[in-house]
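Enquirer: Structure in structure tokens, see below.
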Amino acid sequence: MSDKVPAQARIGAVLGVRPGEGRRTGLLFVHLLLASAVFILGRTVRDTLFLSRYSLAALPWMFVLYGVASAITAVVYSRYADRIPRHVAIVTSVAIGIASYLGVWVLVRTGAHWIYPVFYVWSEVAANLFIVQFWTLANDLHDPRSAKRLFGTIAAARILGVVLVGTSTGIIVRVIGTAQLLFVLAAIMGGMAVVALALAKEPRPVTEAPSTTAKRDHAVGSDPYVQSLGLFLLLAFTALTVGDYQFKAIARATFREDALAQFFALFYAGTGIVSLGFQLLVTPRLLRRLGVGWGMAVMPGVFGGASVLLPFLPNLGIASAMKFADNGFQYTIHETTLQALYVPFPAAVKARTRAILDAIVKPAAYGVGGVLLILLAERMAVEKLGFVTSGVVALWLVSVPLVRRRYLTSLEATLSARGTLALDADFVLDAASRKALLAVLERGNARHVLAALEQLGSDSTPELRAHVERLARSDDPDLRRAALEKLGTLPGASPDPARAALEDDDAYVRRAAVNAYAKLAGDECVDTLVARLDDPHQDVRVATIAGLLRDAGVEGAIVGGSRLEQLIVSGEPAQRTEAALVLGAVGPGAYRPLKKLLGDADPAVRRAALRACEAVADPRLVPLLTELLHDPAVRLRAANALSAIGAPALEPLLALMANPETPRDVRLLVPRVLRRIPTPATYQRLFSQVDAADSHLRLRILGALSRLRQSLKRPPEPIERLRVLLRAELERGYRNLAGWDAARLRFETPLLGEEMDFRHTRAIRRILRILELRYDPEPLRLVRERIEEPTRRANALEVLDTMLEPMLRPMVMRFFDDVPARELVKKAGDLGPEAAPSAADFMREEAAHPNPYITLVVLDALARHGDPLAGELGEAAAKRPEALAREGAVFALASGPPERARPVLAVLSQDPDPNVARHAKLELARLSGEPLEAQMHSTVEKVLFLKSAPLFAKVTGEDLAPLAHVAEEQTYAAGTHIFEQDEPGDSLFVVVRGHVAIVHDGDTVATLGPGEAFGEMAVLDKVPRSASAIAQDECEVLRIGSPEFYEILHEQVEIAAGVIRMLTQRLREATSASVDEKRQRLTSF
19 MSDKVPAQAR IGAVLGVRPG EGRRTGLLFV HLLLASAVFI LGRTVRDTLF LSRYSLAALP
79 WMFVLYGVAS AITAVVYSRY ADRIPRHVAI VTSVAIGIAS YLGVWVLVRT GAHWIYPVFY
139 VWSEVAANLF IVQFWTLAND LHDPRSAKRL FGTIAAARIL GVVLVGTSTG IIVRVIGTAQ
199 LLFVLAAIMG GMAVVALALA KEPRPVTEAP STTAKRDHAV GSDPYVQSLG LFLLLAFTAL
259 TVGDYQFKAI ARATFREDAL AQFFALFYAG TGIVSLGFQL LVTPRLLRRL GVGWGMAVMP
319 GVFGGASVLL PFLPNLGIAS AMKFADNGFQ YTIHETTLQA LYVPFPAAVK ARTRAILDAI
379 VKPAAYGVGG VLLILLAERM AVEKLGFVTS GVVALWLVSV PLVRRRYLTS LEATLSARGT
439 LALDADFVLD AASRKALLAV LERGNARHVL AALEQLGSDS TPELRAHVER LARSDDPDLR
499 RAALEKLGTL PGASPDPARA ALEDDDAYVR RAAVNAYAKL AGDECVDTLV ARLDDPHQDV
559 RVATIAGLLR DAGVEGAIVG GSRLEQLIVS GEPAQRTEAA LVLGAVGPGA YRPLKKLLGD
619 ADPAVRRAAL RACEAVADPR LVPLLTELLH DPAVRLRAAN ALSAIGAPAL EPLLALMANP
679 ETPRDVRLLV PRVLRRIPTP ATYQRLFSQV DAADSHLRLR ILGALSRLRQ SLKRPPEPIE
739 RLRVLLRAEL ERGYRNLAGW DAARLRFETP LLGEEMDFRH TRAIRRILRI LELRYDPEPL
799 RLVRERIEEP TRRANALEVL DTMLEPMLRP MVMRFFDDVP ARELVKKAGD LGPEAAPSAA
859 DFMREEAAHP NPYITLVVLD ALARHGDPLA GELGEAAAKR PEALAREGAV FALASGPPER
919 ARPVLAVLSQ DPDPNVARHA KLELARLSGE PLEAQMHSTV EKVLFLKSAP LFAKVTGEDL
979 APLAHVAEEQ TYAAGTHIFE QDEPGDSLFV VVRGHVAIVH DGDTVATLGP GEAFGEMAVL
1039 DKVPRSASAI AQDECEVLRI GSPEFYEILH EQVEIAAGVI RMLTQRLREA TSASVDEKRQ
1099 RLTSF
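Reading the sequence shown from the start, the letters are residues 19 to 1103 in the working numbering.
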């Protein structure tokens, strides 16, 4: 038994069959083998019965009748095929087939001559329908990746069917006669039904629920992808039909009677055997390495090459090579590739699509080939027909990149939440669309008018000015504001509508009117705008001062400057804040007063001045702004200002990122700033840093390079340069997989395991970002976003596989295989580590990682498992500048020998970070046997508590750690009010233990337990609490203050996504409750 399993594994590896796929693959193989037998044996019976009674002149009519019958069958079948289960459709077709074949036998025995042409056509229709049904079922059972991997193996059954039927038919005929083969065909059909019923129990791949907004329920024939496939098949089988005629004509001229029969038997048997080997051993590997584009090109390439040679070397060898390309590749590489090309079609239209292509287009191609022969065969020598086939093959090859491109687009559409609309081009304003948008301004509702104004962009025609001036008097304040904003951008527009709106009741309309009037009236606006300097609304006052300084000439500068000076020197922080807002509205030229406000004692004034820096964008601000990047409270505003300054900030930012003493959060932010400074120098200088040791920093750098490449419209990076980057990244990725595989059993904890999985995810993202430096970023963006979704992963990988060039495909795609880490490392080849690091070496490396969170969870794992390494690595981490690393050091040291821990813990008890200091004091007290003060949870424990809350459930521990570190632990006795209804909300809470009642106007509306969050709505919308929170029993909560939450919210997009999910869920619940209430009212009525 022990020998059997490795043998099975080796066979599975050769055939591409993974564990759990054997039964399904075997059943499909048998099903196709039986369908192929029906196809080949049916042709033998029909040819023998028909040609024994009718002349060759009747054959063209059979081709015509077959095309008509196949089209009718396809239309009827496609109407019902997607409405019933696949196995039911197959069993029904089999039942009809068995009944009709037995009926043919009866009619043959009675001597009804009309049955022979009928059976000739019907047998071809039925056999092709069985093949279509099989591949539709096979597509339903596979995603694009498994289809490409397994269809080559499964399709070998068709070649095996040809070989088995070809070698056994003569023997059977000698025993029972040709007519009795109809009973054999009926029995084979019965076997197909049995296998189809067995396959009905096989699980389908995980797919998305059908979309209500992006269905492909339109006519299948209007799909561009279907049209390109139809063209591909039409050209292919037209060429093959003419080529088949050439081969048989040359063979007949070379051999006669028995010698001809022997040649055909030898040729077809040899072709079948070679094809079987090719299908099993070459096709899957060729598709994996080169993709569907090369798979489509193999048959026309070989067939076309022989066609070109045939007019010049008219011999049987060349004709045989041409026919081998037909028989040898049609049912191997061509058929397998074609089935993979059907995978992107949704299940709802798949059967209809196949019916059109296989049962209408394909027979039509045979008809086109027949028509060409009727027209040309009598007028051209057989070998000269090679010119005809060469021309058709040339068109056939031209269609290959078209099909491949539309295949990729179709796959991309399956990745996008917006379906095929996701890849639409940007709106283009031409004469027709301008006319339509102006009509919307005339008659549209407010929402549509606002959208039309935005789409009209820089248009400044007299017609638009007339509409805008009218809209400035609208009853809708939003329309008045938007119209006035647009009016200020229209050269030659009258300032009168803006002047009239200066007295508007809506402050935002007045602000828009001030801006428009200042721009349009110039220095004539001064006397009128002076009255607005004392407007009750701050936005209007700011716009007035800025308009006077910016647009009203010398007199305006005098008046506006005087008011601005009063604000700057005012003793009221609110007025100095208003001055900062004015400077931001003025923009360039406000450096000196802005610098003064940046040093203001009031933090609100400093924040307002920092916001103004983005508009002022003076290079002299760079030193101050780079220093402010170290302050988490203002970091993002400083980054925005630096990106607005642009090129002068490049070198200081690069120096900051390259300096190992720079805090990691700042280094990680720099690439995001640089990506908004799109200059060639930025790209080149940032590229020089792409080998940074910190893996997360490398990801940020690669993301910035991708964005810069798009902004600068840079050409693709050379493939060799990309190969070097990929190789380095893959080597790191495989080494990490090997190390974690060695350490997992010994050291795994929930957070460390999650972090290692996330590390692999980030490695994948870095690889995709590297590829964006050469390939189209939009499809790769979809791949990056969808590859972690089980329902879209296979399609995402297929998009990636299709995009890559042969030089890169194997090394990249191997890393994405869905196999255990150990097997993935074994398959890495020369990219894998020569020797996997030991568990201890791996943990030692990870404890020194630049990411302090990794240090924290590694030390936590060592401490929990009582490993001696904890003390050694804890001592090193105690010297790290990051608080998270030092906190990990506290618990790592405390888990080891006390004599080693006490000196370091004593130092850490004086740590500047209060959490680290408290943890160190508690551990020192515990080691000394002293009474402990209230227990304090570690950051690791708080991360686990937060992850139990639905708000944070999908956020990684690494992203939650900063929030957990500052979360405050609070304990409340039963009956204690945590907060009161209508009081300001400045914190959100997560229940750690106990229960909290949410009470609104005296009624308990909810009872929350461990892992549930509350109080977040008041933090998000900054309104008073809508309810009270009361401890039902003694409970412990984590409190997160509003400033801390907003700071992390801006830094961690994953937490923002969690908030969006929570709000969406609550909206759904509210909507559902409202609908239920309305239904109850209706039913009670």
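By construction, the Cβ of each residue, glycine as well, lies at the ideal position given by its N, Cα and C atoms.
With a Cβ-Cβ cutoff of 8 Å, do Tyr84 and Glu142 count as a contact?
Expert: As a first step, residue 84 is located in the sequence shown; it is residue number 66 there, counting from the start. As a first step, residue 142 is located in the sequence shown; it is residue number 124 there, counting from the start. Contact annotation: Tyr84 and Glu142 have beta-carbon atoms nearer than 8 Å.
Enquirer: Can the beta-carbon of Glu976 be found closer than 8 Å to that of Phe834?
Expert: Residue numbering aside, residue 976 sits at position 958 when the sequence shown is read from its first letter. Residue numbering aside, residue 834 sits at position 816 when the sequence shown is read from its first letter. No, the Cβ-Cβ distance between Glu976 and Phe834 is not below 8 Å.
Enquirer: Hey, out of Arg163, Leu740, Leu52, His105, whose CA is closest to Asp836's CA?
Expert: Working through the sequence shown from its first residue, we reach residue 836 at position 818. Out of Arg163, Leu740, Leu52, His105, Arg163 has the C-alpha closest to the C-alpha of Asp836.
Enquirer: What residue does the beta strand (DSSP E) around Gly1059 start on, and which one ends it?
Expert: Your numbering for residue 1059 matches position 1041 in the sequence shown. Unbroken beta strand (DSSP E) run through Gly1059: 1053 to 1059.
Enquirer: Which ranges does the alpha helix (DSSP H) cover as unbroken runs of at least 4 residues, wholly within the region 497 to 559, from first to last along the chain?
Expert: Counting whole runs of 4 or more residues, the region 497 to 559 contains the alpha helix (DSSP H) stretches 514 to 518, 525 to 539, 544 to 547.
Enquirer: Could you tell me the boundaries of the beta strand (DSSP E) in which Val1041 lies?
Expert: By one-based count along the sequence shown, residue 1041 stands at place 1023. Element bounds for Val1041: n/a, residue is neither H nor E.
Enquirer: Cβ atoms of Val560 and Glu596: under 8 Å apart, would you say?
Expert: Numbered from its first residue, the sequence shown carries residue 596 at position 578. Numbered from its first residue, the sequence shown carries residue 560 at position 542. Result yes, Cβ atoms of Glu596 and Val560 sit closer than 8 Å.
Enquirer: Alpha carbon to alpha carbon, what distance is there between Thr259 and Leu305?
Expert: Sequence index remark: in the sequence shown, residue 305 carries index 287 (1-based). Sequence index remark: in the sequence shown, residue 259 carries index 241 (1-based). Rounded to whole angstroms, Leu305 to Thr259 spans 26 Å at the Cα level.
Enquirer: Check Gln988 in the structure and name its three-state DSSP category.
Expert: Along the sequence shown, read from residue 1 onward, the residue named residue 988 stands at position 970. The answer is strand: DSSP assigns Gln988 an E or B state.
Enquirer: Could you check what DSSP says for Gly38 in three-state terms: helix, strand or coil?
Expert: Mapped onto the sequence shown, residue 38 falls at position 20. Gly38 falls in the coil class under three-state DSSP.
Enquirer: Based on Cα-Cα distance, which residue from His983, Ala781, Tyr752 lies nearest to Gly850?
Expert: For this step, residue 850 is matched to residue 832 along the sequence shown. When only C-alpha atoms are compared, the closest one is Tyr752.
Enquirer: Does the distance from the C-beta atom of Val691 to that of Ser661 stay below 8 Å?
Expert: The residue given as residue 691 occupies position 673 in the sequence shown. The residue given as residue 661 occupies position 643 in the sequence shown. Result yes, Cβ atoms of Val691 and Ser661 sit closer than 8 Å.
Enquirer: In three-state DSSP terms, what is Ser729?
Expert: Walking along the sequence shown from the start, residue 729 turns up at place 711. DSSP places Ser729 in helix when its eight states are reduced to three.
Enquirer: Classify Leu743: buried if its beta carbon has 16 or more other beta carbons within 10 angstroms, exposed otherwise.
Expert: As a position in the sequence shown, residue 743 is number 725, starting the count at 1. Under this definition Leu743 is a buried residue.
Enquirer: For Thr272, count neighbouring C-beta atoms within 10 Å of its own C-beta (all shown protein chains included) and say buried if the count is 16 or more, exposed if not.
Expert: As a working note, residue 272 is residue 254 in the sequence shown. Exposed, because fewer than 16 other Cβ atoms sit within 10 Å of the Cβ of Thr272.
Enquirer: My understanding is that Ile996 touches Val1017, with C-beta atoms under 8 Å, so please give their C-beta distance in whole angstroms.
Expert: The residue labelled residue 996 in the question sits at position 978 within the sequence shown. The residue labelled residue 1017 in the question sits at position 999 within the sequence shown. Ile996 to Val1017, Cβ: 11 Å. No contact.
Enquirer: Identify the residues that DSSP records as bridge partners of Val3: which are they?
Expert: For residue 3 there is no data in the structure shown, the boundaries of the chain being 19 and 1103.
Enquirer: Mapping DSSP to helix, strand and coil, what is Asp836?
Expert: By 1-based counting over the sequence shown, the position of residue 836 is 818. Residue state, collapsed to three classes: coil.
Enquirer: Can you tell me whether Met675 is buried or exposed? The criterion is at least 16 other CB atoms within 10 Å of its CB, across all chains shown.
Expert: Position 657 of the sequence shown holds residue 675. That one is buried.
Enquirer: From the DSSP output, in three-state form, read off Phe997 for me.
Expert: One-based indexing of the sequence shown puts residue 997 at position 979. Three-state result, Phe997: strand.
Enquirer: Give the straight-line distance between the Cα atoms of Ala343 and Pro318, rounded to the nearest whole angstrom.
Expert: By one-based count along the sequence shown, residue 343 stands at place 325. By one-based count along the sequence shown, residue 318 stands at place 300. When rounded, the distance between both Cα atoms is 8 Å.
Enquirer: In this structure, what does DSSP give as the bridge partners for Thr1025?
Expert: Looking up residue 1025 in the sequence shown gives position 1007. According to DSSP, which records beta bridges pairwise, Thr1025 is partnered with Ala1015.
Enquirer: Let me check understanding here. Comparing Cα to Cα, which of Ala165, Leu331, Tyr701 lies closest to Pro362?
Expert: By 1-based counting over the sequence shown, the position of residue 362 is 344. For Pro362, the nearest C-alpha among the options comes from Ala165.
Enquirer: What distance in whole Å lies between the Cβ atoms of Glu998 and Leu1056, which are believed to be in contact at a cut-off of 8 Å?
Expert: Residue 1056 sits at position 1038 when you count from the first residue of the sequence shown. Residue 998 sits at position 980 when you count from the first residue of the sequence shown. Between Glu998 and Leu1056 the Cβ distance is about 20 Å, and since that is not below 8 Å, they are no contact.
Enquirer: Would you check if there are 3 or more beta carbon pairs closer than 8 Å linking the region 308 to 317 to the region 206 to 218?
Expert: Contact between the region 308 to 317 and the region 206 to 218 is not established, with fewer than three Cβ pairs separated by less than 8 Å.
Enquirer: Under the rule that 16 or more other beta-carbon atoms within 10 Å means buried, what is Leu356, buried or exposed?
Expert: As a first step, residue 356 is located in the sequence shown; it is residue number 338 there, counting from the start. Buried: at least 16 other Cβ atoms inside 10 Å.
Enquirer: Could you pull out every residue in the same chain whose Cβ sits closer than 8 Å to the Cβ of Arg42, ignoring the five residues on either side in sequence?
Expert: In the sequence shown, residue 42 corresponds to position 24, counting from 1. Hits under 8 Å: Leu159, Leu217, Glu220.
Enquirer: State the beta-bridge partners of Phe1032 as determined by DSSP.
Expert: Taking the first residue of the sequence shown as 1, we reach residue 1032 at position 1014. Beta-bridge pairing links Phe1032 to Phe1007.
Enquirer: Alpha carbons only, please: which of His1013, Ala903, Pro332, Ser325 is nearest the one belonging to Ser408?
Expert: For the purposes of this step, residue 408 is taken as the residue at position 390 of the sequence shown. Among His1013, Ala903, Pro332, Ser325, the Cα nearest to that of Ser408 belongs to Ser325.
Enquirer: Excluding sequence positions up to five away, which residues of its chain have a Cβ less than 6 Å from the Cβ of Phe296?
Expert: Numbered from its first residue, the sequence shown carries residue 296 at position 278. So the qualifying residues of the chain are Thr350.
Enquirer: Which residues mark the beginning and the end of the alpha helix (DSSP H) in which Lys219 is found?
Expert: The residue you call residue 219 lines up with position 201 of the sequence shown. Unbroken run through Lys219: none, as it is neither H nor E.
Enquirer: I believe Met210 touches Phe148 by the beta-carbon criterion, under 8 Å. Please report the beta-carbon distance rounded to the nearest angstrom.
Expert: Sequence index remark: in the sequence shown, residue 210 carries index 192 (1-based). Sequence index remark: in the sequence shown, residue 148 carries index 130 (1-based). With a contact defined as Cβ atoms closer than 8 Å, Met210 and Phe148 qualify at about 7 Å.
Enquirer: Would Gly1012 be called buried (16 or more neighbouring beta carbons within 10 Å of its own) or exposed?
Expert: On the sequence shown, position 994 is the one that residue 1012 refers to. With 16 or more Cβ atoms within 10 Å of its Cβ, Gly1012 is classed as buried.
Enquirer: Using a Cβ cut-off of 8 Å (strictly closer), state whether Val193 contacts chain B.
Expert: The structure shown contains no chain B, having only a single protein chain.
Enquirer: Less than 8 Å between the beta carbons of Glu917 and Leu874, yes or no?
Expert: On the sequence shown, position 899 is the one that residue 917 refers to. On the sequence shown, position 856 is the one that residue 874 refers to. No, the Cβ-Cβ distance between Glu917 and Leu874 is not below 8 Å.
Enquirer: Got a sec, what are the start and stop residues for the alpha helix (DSSP H) Met1104 sits in?
Expert: A question about residue 1104 goes unanswered here, because the residues of the chain that appear run from 19 up to 1103.
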